[in-house]
Amino acid sequence: MTRVRLFHPLALALLLAAPAMVVHAKESMGKGMPPPPEFLPESKPLAPWQSLMGDEKPTTLMAIRAGASKPSPMVVVKRGDLAITEGDIVVGWYSQLMSDFSQENAIRNPNQKWPKINGKVVVPYQVHSSLPSAQRAALNAAIAEYNAKTCVRFVPKTTEANFVTVILGNGCYSYIGSIQQGAQELSLGQGCEFKGTAVHELMHALGFDHEQSRPDRDQYLTVNYQNVVRGMESQFDVCQDCTTQNIPYEYSSIMHYGAQAFTNNGRDTMVPKQRGAQLAEPYDKPGLTTLDVKKIHKLYGC
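Here it is in structure tokens:
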């Protein structure tokens, strides 16, 4: 005897309603409402340095860079309410920086570290409910790598006063170090759903600048300024009084940008002086290198 499988009435009702639910969700996307994660369109990888629609023209401030001891000129771009430098480093609220501007304290000291507890660097974090599953997977993979390879422990926030909150923002970005002012945003926006990108932004949050900003950069790279977007040349400035921690320059560091960072014509802006060396974007890298781990341990003394 042939068996006939019957739908439960509730299952049948949901099946019939599903097309209408999809139409309603897609219509809501055109009315200024944020789309639910499952309806976000597929995106191409976003390099942290890439400019986004709505970014305003650069402004120069005096600021203390991560690892530096004194202020130096820094070019920031207004993105929404944030001031961003080097593509993905948040230096504060733009309006506040403009109103509080001075030669000495335009931007806070970024050299604040996260606390150590029982020999481990503890970074509390929380994830905003809007973060899509792809970004969550990248974040979880990045956190697992830090927890496995370093003395850093990213732990879910409980009662801690200072913590990282991971959001679906406009692009990929993070503050450098602990800003010690409660929640500090770290964005894994559309195009940032890659483990390497998440590792890169988390390392900013631990207190690290870009590898190509090191004071010894010019020994290892040639910067082709003729290929750089006009007005963004200073994004290749090096931090003259920053420490290298006596750790060798590394082209493959998760903190190094790709060869075409800030390009205006699709040609390379950075060319390694070492024959055969390649410069890849963070999203194309597997994660922390051995030297990246060494930098973290040296900074935090563990």
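Just so you know, the sequence shown maps onto residues -25 to -1, 1 to 277 in mature numbering (1 follows the signal peptide of the UniProt record, and there is no 0).
Cβ atoms here follow ideal geometry from the backbone N, Cα and C, with glycine treated the same way.
I need the boundaries of the beta strand (DSSP E) containing residue i, first residue and last residue.
i	result
Val213	That residue, Val213, is in no beta strand (DSSP E); it is neither H nor E in DSSP.
Ser162	158 to 163
Val65	64 to 68
Ala38	34 to 38
Ile59	57 to 60
Met49	47 to 54
Phe138	138 to 142
Arg128	127 to 131
Looking at the secondary structure, which residues open and close the alpha helix (DSSP H) in which residue i lies?
i	result
Leu181	170 to 181
Leu266	265 to 275
Ala117	108 to 124
Work out the CA separation of residue j and residue i for me, nearest whole Å.
i	j	result
Phe99	Val50	In the sequence as presented, Phe is not what sits at residue 99; that position holds Pro. Pro99 and Val50: Cα-Cα distance of roughly 30 Å.
Gln165	Ser108	12 Å
Glu176	Val203	23 Å
Pro23	Val97	25 Å
Phe(-19)	Asn115	Residue confidence for Phe(-19) is low, a pLDDT of 32 falling below 50, so the modelled location carries little weight; the figure read from the coordinates is stated next. Distance between the alpha carbons of Phe(-19) and Asn115 is about 38 Å.
Pro48	Ile59	14 Å
Gln155	Val139	10 Å
Ala136	Lys45	28 Å
Lys270	Gly241	32 Å
Tyr258	Gly62	14 Å
Gly29	Gly94	43 Å
Ala252	Met178	23 Å
Lys170	Ala38	30 Å
Pro33	Val52	5 Å
Ile222	Gln201	30 Å
Gly163	Gln215	The amino acid at residue 163 is misidentified as Gly; the sequence shows Leu. The alpha-carbon atoms of Leu163 and Gln215 are separated by roughly 30 Å.
Ala255	Pro20	12 Å
Gln87	Gly182	7 Å
Gln157	Gln71	For the record, residue 157 in the displayed sequence is Gly; it is not Gln. Computed Cα separation, rounded: 17 Å.
By the 10 Å Cβ neighbour count, where 16 or more other Cβ atoms means buried, how is residue i classified, buried or exposed?
i	result
Thr35	exposed
Thr134	exposed
Gln159	buried
Ala113	buried
Gln235	buried
Ser149	buried
Gln110	buried
Arg192	buried
Cys277	exposed
Thr197	exposed
Arg40	buried
Lys273	exposed
Thinking residue i and residue j are a contact (beta carbons under 8 Å), I'd like their distance in whole angstroms, please.
i	j	result
Leu143	Ser105	5 Å
Ser153	Trp89	5 Å
Leu266	Val174	That belief does not hold up - the Cβ atoms of Leu266 and Val174 are roughly 14 Å apart, past 8 Å.
Gly55	Asn145	6 Å
Ile151	Ile229	That pair is no contact at about 15 Å.
Thr219	Pro190	7 Å
Any heavy atom of the ligand COA within a distance shorter than 6 Å of the CB on residue i?
i	result
Ala117	Among the components modelled here there is no ligand, and therefore nothing to report on the ligand COA.
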